[in-house]
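Only one structure is covered here, and it is reproduced in the block below.
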Amino acid sequence: MVKVLVGVKRVVDYAVKIRVRPDKLGVETANVKFSMNPFDEIAVEEAVRMKEKGYVKEIIGLSVGPKQSQETLRTAMAMGVDRSIHVETDKDLVPLSVAKVFKAIVDKEKPNLVILGKQAIDDDSNQTAQMLAALLGWPQAVFASKVEVIEADGKLKVTREVDGGLEVIQVNLPAVVSADLRLNEPRFATLPNIMKAKKKPIVTIPLPEVGVQLKDHLEVLKVVEPPVRPPGIKVESVDELVKKLKEKGLL
Amino acid sequence: MLHRLARYSSSHQRSVPRLNSSYSSKRNFSASTTQEHTGVSFDLSPQQLEFQQLARKFAQEEIVPKAAHHDRTGEYPQEIFKKAWELGLANTHVPPAYGGLGLGVFDGALISEEICYGCSGIGTALEGNGLASAPVIIAGTEEQKKKYLGPLIESPIQAAYCVTEPGAGSDVAGLKTKAVKKGDKWVVNGQKMWITNGGVANWYFLLARTDDTAPASKGFTAFIVERETPGITVGRKELNMGQRASDTRGITFEDVVIPDANRLGEVGKGFVIAMKAFDVTRPLVGAGAVGLARRAHEEAAKYAMERKTMGKAIAEHQAVSFILADMAIGIESARLAVWKACKEIDLGRRNTYYAAIAKALAADVANKCATDAVQVFGGNGFNSEYPVEKLMRDAKIYQIYEGTAQIQRLIISRHILDNLK
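Going down the list, the protein sequences come from chains A and B. Under our numbering, the first residue of the first sequence carries the number 1456, and numbering increases by one thereafter. Under our numbering, the first residue of the second sequence carries the number 62, and numbering increases by one thereafter.
This is the structure we're talking about:
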C-alpha cells in the first residue's frame, strides 16, 4: 500500500487584485487573503481519491512557510489528508531550497509517492516537483491530467499535458507527480471534516532543524506591474484591417 | 394578547417558565462555551473562518449562478439543498447525539450570512429546517428527538414550523387551530398559512389551541405532525414578492389525528416553546438579512466602479460613494448586533432583547441597502437582467417574517420598561 506525501503552499488568493509594494521588491501581502495554491488543492484531491479507491494507506501533508501555513494544512486535512508536517520559516524560499527541504522530509517519512501542484500561482516557477525528483533520483510525471494505478505499489500510468497534446507515460514507484488543472475537481471540505481536521496532528519543525544546507542563489532585483495595455483601434472594413496589419509589419 | 406576547419575550424571569432541556446555563445551545472572561473579541476562530470560507465558496459556486433561475421559476432548490446538506451546511444545530454537529447559533449565523448572500430565498429554504427543529431540540423527549431530528441528518429532507394562520401572525395568542384530546390521541382542525417549506416538509412543528379559555401562556400545546397523516391538505405554492425559491403554502388540518407521543412538551406549554425557538432563529434570520445587504452593497460598488457618467466612474461622484458608505455603516453595525445576539444565547443567557434588536436592525438595513443598490444601478437596476431588483423584492420579507418590525420593537420596548420598573 502506498504512502503519499502531498505538498501544499499558502499563496495569495487567486481572486485578489495584486498590488506591487512601494519598495518594488515584492507584492503587497499585508491584509490580503491567502489560500491553498489551486494546483495543490488538485494534488490533495488526487491523493484523497487514491486513498478512497484503496491504493493509499496514508496521506501526509507538507508545507514550508510561516506559522499561517498551518491553516493551509488544516484545509488539506479537512479534505482528507491524515496528518501534516509544517516546516516553519518566514523566509521566501526559492524552488531548489524547497525541493531540498522536501527531500529531507521524504528521507525521513519514506513515502513512495509525492504529489505536488505543478506550480504555485504566486511565483509560477514550475520547478519544485522536477528538482525534487532529480534530488531523490526518482522518476517524475509532471503536468499530470490523469493518474491510473497499474499495479498497486508498483507502477503508475500518467497522462501528461504537453505542448503537442497529451503524452502517456508509465512510471515506477517511488515517483514524483505534479498535478495539472484538469487532473480533477477538488471537493469542498465538509463541515464535519473541518471539525475532525482540528484533531489531526500537525508537527512543526523550524527550518534550521531540518538539517539542510540552503543557499540563496537568486536575488529579486525589481518587481513592477505590467505596462498598461494601450487602447485598441477600431477599423471600419476588412480592407482597412489588412492595411493596418501590414502597416504594423504583422502581415 | 400583544401584551402577553411581549411579556414572554421580555427578560422578565417570573413570567417565563424555565425549560430545563437545552436552554440552561449548564447545557448550552452550542457545543462550546467560554467559561473564563477573556474580554471581548471580534475575531473569528480558525475553525469559524473555515466554516465561513466553506459557506462562502459554496454560495459563490453553487447558489449565485442558479439563484435567478429559481427566482424566475419558483422551482424548489432541492439540488442545492442536497449539496448544502452533503457538506453539513444544513441542520447545524441538531445535537451530536442525533447525528448532527451541534453547532452554536454564532457558527450558524456565519453560514446563514454567506448562504443568503448567494440567495436569501434559498437560504430561507435551508433555515426552514432550523426553525422547525429548534422547538424539538428545546423541548423534545429522547424518542422524539431521535425520531424527528435523526432523519434530517440521514437524508436531505425538509421540516416546517407551522404556527401562523390566515387570521393570526403577530397575534400568536389569537391562533384558532384547535387540538382536542380523544383518548390517547389528539384531533386537530384548523388552517395554517405562509408555512415555509410547507409543500416539501416531511414533518411539521405545529402549535394548536388546547384550552379555549386559558391565557396564551397556558392555552396552547405543541405537536410534531407527520406530513403523510390523513386529513392534511397542502395548499398551492404561493407566488410571493420575493424569496421565490422558498416554498410557502397554506396547510389545512381536517380531523387530523396525532398520537399523544407526538405532543411536544407539556399540555398548555406550547406557546412558550414556540417562542423560545425564535431566540435561536431570529439572530440567524438577522444574519441572512446582513448577507443580502452585503450582496446589494458589493453589486452596487462593483457597478459604480464600471459605470461612467459625466466623464468618470459614478463611484467618484460623492452622491454615489456616500450611498455606498451608508450601506457599509448599516452592514457593519447589523452584523455586530447579530453576533452579540448569537453569543448571548451560545453562552446560555437569555438573548431575546438582543435577538429582537439584531433582527429589527438587519431587516431595515437589508431593505435600505437593496433599495439603494437599485438606485445606484439606475435604470438598469429596475431591470431583471441585473441582480439588484431581485434583492429589493427579497429584502421586504425580512421586515415581516420571524416577527414583524413592529413586534421586534414591542419586545425591545417591553424589555426597557420592565427593567425600569
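Glycine residues also receive a C-beta, built at the ideal position from the N, C-alpha and C atoms. Quick caveat, the model's predicted, so the values are computed rather than measured.
Pair within 9 Å by beta-carbon distance, residue i and residue j
{"i": "V1457 of chain A", "j": "V1511 of chain A", "result": "yes"}
{"i": "P448 of chain B", "j": "R305 of chain B", "result": "no"}
{"i": "G1520 of chain A", "j": "E1501 of chain A", "result": "no"}
{"i": "G259 of chain B", "j": "G296 of chain B", "result": "yes"}
{"i": "D321 of chain B", "j": "K208 of chain B", "result": "no"}
{"i": "S1633 of chain A", "j": "A1584 of chain A", "result": "yes"}
{"i": "L192 of chain B", "j": "A338 of chain B", "result": "yes"}
{"i": "A374 of chain B", "j": "L385 of chain B", "result": "no"}
{"i": "I1540 of chain A", "j": "I1660 of chain A", "result": "yes"}
{"i": "E360 of chain B", "j": "F438 of chain B", "result": "yes"}
{"i": "Q1523 of chain A", "j": "F1489 of chain A", "result": "yes"}
{"i": "D104 of chain B", "j": "K451 of chain B", "result": "no"}
{"i": "R288 of chain B", "j": "E299 of chain B", "result": "no"}
{"i": "L236 of chain B", "j": "V224 of chain B", "result": "yes"}
{"i": "I312 of chain B", "j": "K253 of chain B", "result": "yes"}
{"i": "K363 of chain B", "j": "M388 of chain B", "result": "no"}
{"i": "A269 of chain B", "j": "G251 of chain B", "result": "yes"}
{"i": "V1463 of chain A", "j": "T1527 of chain A", "result": "yes"}
Contacts that residue i makes with chain A (C-beta to C-beta distance below 9 Å)
{"i": "G149 of chain B", "result": "T1645, L1646, P1647, N1648, I1649, M1650"}
{"i": "P107 of chain B", "result": "Q1525, E1526, R1529, K1653"}
{"i": "L162 of chain B", "result": "L1646, P1647, M1650"}
7 Å CB neighbourhood of residue i in its chain, flanking five on each side removed
{"i": "S194 of chain B", "result": "N152, H154, V155, L210, L213, A220"}
{"i": "A1559 of chain A", "result": "V1665, G1666, V1667"}
{"i": "V1679 of chain A", "result": "V1475, K1479"}
{"i": "V399 of chain B", "result": "A170, P344, G347, A348, V351, A419, A423"}
{"i": "G1572 of chain A", "result": "N1492, F1494, D1495, I1497, A1498, S1633, A1634"}
{"i": "K87 of chain B", "result": "Caution applies to K87 of chain B, whose pLDDT of 36 falls short of 50 and renders its modelled position unreliable; the value that the coordinates give is listed next. Result list for K87 of chain B: empty, nothing under 7 Å."}
{"i": "L115 of chain B", "result": "L148"}
{"i": "I468 of chain B", "result": "S231"}
{"i": "L1587 of chain A", "result": "A1554, F1557, K1558, V1569, V1631"}
{"i": "D1545 of chain A", "result": "P1521"}
Residues near residue i by beta carbon distance below 6 Å, same chain, minus five either side
{"i": "V1549 of chain A", "result": "L1673"}
{"i": "G184 of chain B", "result": "I176, C177, G349"}
{"i": "K1601 of chain A", "result": "T1614"}
{"i": "S71 of chain B", "result": "A caution first: S71 of chain B carries a pLDDT of 37, below 50, which makes its placement in the model unreliable, though a value can still be read off. Within the same chain, S71 of chain B has close Cβ partners R475, H476, D479."}
{"i": "R1529 of chain A", "result": "A1652"}
{"i": "S382 of chain B", "result": "A376"}
{"i": "S85 of chain B", "result": "Because the pLDDT at S85 of chain B is just 35, under 50, the model does not fix this residue reliably, and the value given afterwards should be weighed accordingly. For S85 of chain B, where only same-chain residues beyond five positions count, there are no Cβ hits under 6 Å."}
{"i": "I1605 of chain A", "result": "K1612"}
{"i": "T290 of chain B", "result": "V317"}
Within chain A, the residues that residue i reaches when beta carbons sit closer than 8 Å
{"i": "F112 of chain B", "result": "L1646, I1649"}
{"i": "L353 of chain B", "result": "None at all; the shortest Cβ gap to chain A is about 21 Å."}
Residue i: contacting residues in chain A (beta-carbon distance under 7 Å)
{"i": "L345 of chain B", "result": "Near L345 of chain B there are no residues of chain A at all, since even the closest Cβ is about 16 Å away, more than 7 Å."}
{"i": "L115 of chain B", "result": "F1643, A1644, L1646, I1649"}
Whole-Å CB distance - residue i paired with residue j, under 8 Å assumed
{"i": "K1610 of chain A", "j": "V1623 of chain A", "result": "With a Cβ gap of about 13 Å, K1610 of chain A and V1623 of chain A do not count as contacting."}
{"i": "T257 of chain B", "j": "F314 of chain B", "result": "That pair is no contact at about 17 Å."}
{"i": "P1477 of chain A", "j": "I1515 of chain A", "result": "At roughly 40 Å, the Cβ-Cβ gap does not stay under 8 Å, so P1477 of chain A and I1515 of chain A are not in contact."}
{"i": "A434 of chain B", "j": "G442 of chain B", "result": "7 Å"}
{"i": "S307 of chain B", "j": "A186 of chain B", "result": "5 Å"}
{"i": "A1596 of chain A", "j": "V1626 of chain A", "result": "5 Å"}
{"i": "G303 of chain B", "j": "I458 of chain B", "result": "6 Å"}
{"i": "Q205 of chain B", "j": "I319 of chain B", "result": "No, Q205 of chain B and I319 of chain B are not in contact; Cβ-Cβ is about 12 Å, not under 8 Å."}
{"i": "I1473 of chain A", "j": "V1466 of chain A", "result": "11 Å between Cβ atoms; not a contact."}
{"i": "A335 of chain B", "j": "P196 of chain B", "result": "6 Å"}
{"i": "K1655 of chain A", "j": "D1537 of chain A", "result": "7 Å"}
{"i": "A427 of chain B", "j": "L353 of chain B", "result": "5 Å"}
Neighbour flag for residue i against chain C, beta carbons, 9 Å
{"i": "F119 of chain B", "result": "This model lacks chain C altogether; the protein chains it does include are A and B."}
Within chain B, partners of residue i - CB distance below 8 Å
{"i": "A1533 of chain A", "result": "E111"}
Close beta carbons around residue i, own chain, < 8 Å, minus the five adjacent residues each side
{"i": "G149 of chain B", "result": "L162"}
{"i": "M371 of chain B", "result": "H378"}
{"i": "N190 of chain B", "result": "A151, N152, L213, Q219, A220, N258"}
{"i": "L1700 of chain A", "result": "L1706"}
{"i": "P217 of chain B", "result": "Q139, F142, K143, W146, E147, A151"}
Cβ-heavy atom distance, residue i to the ligand HEM, below 8 Å
{"i": "P1686 of chain A", "result": "The ligand HEM is absent from the structure shown, which contains no ligands of any kind."}
Could you give the uninterrupted runs of the alpha helix (DSSP H) lying entirely in the stretch 1488-1524 of chain A, keeping only those of 4 residues or more? 1493-1508
My parser needs the alpha helix (DSSP H) runs of 4 or more residues fully inside the stretch 1539-1624 of chain A; what are they? Listed in chain order, they are 1550-1564, 1583-1591.
Ranges of the alpha helix (DSSP H) found wholly within the stretch 307-377 of chain B, counting only runs of at least 4: 331-367
Counting only runs that start and end within the stretch 157-202 of chain B, where is the alpha helix (DSSP H) found for 4 or more residues in a row? 166-179, 181-200
Every unbroken alpha helix (DSSP H) within the stretch 1620-1677 of chain A, with a cutoff of 4 residues, ordered by chain: 1646-1652, 1662-1665
Fully enclosed by the stretch 1456-1492 of chain A, which beta strand (DSSP E) runs are 3 residues long or longer? 1457-1462, 1465-1467, 1489-1491
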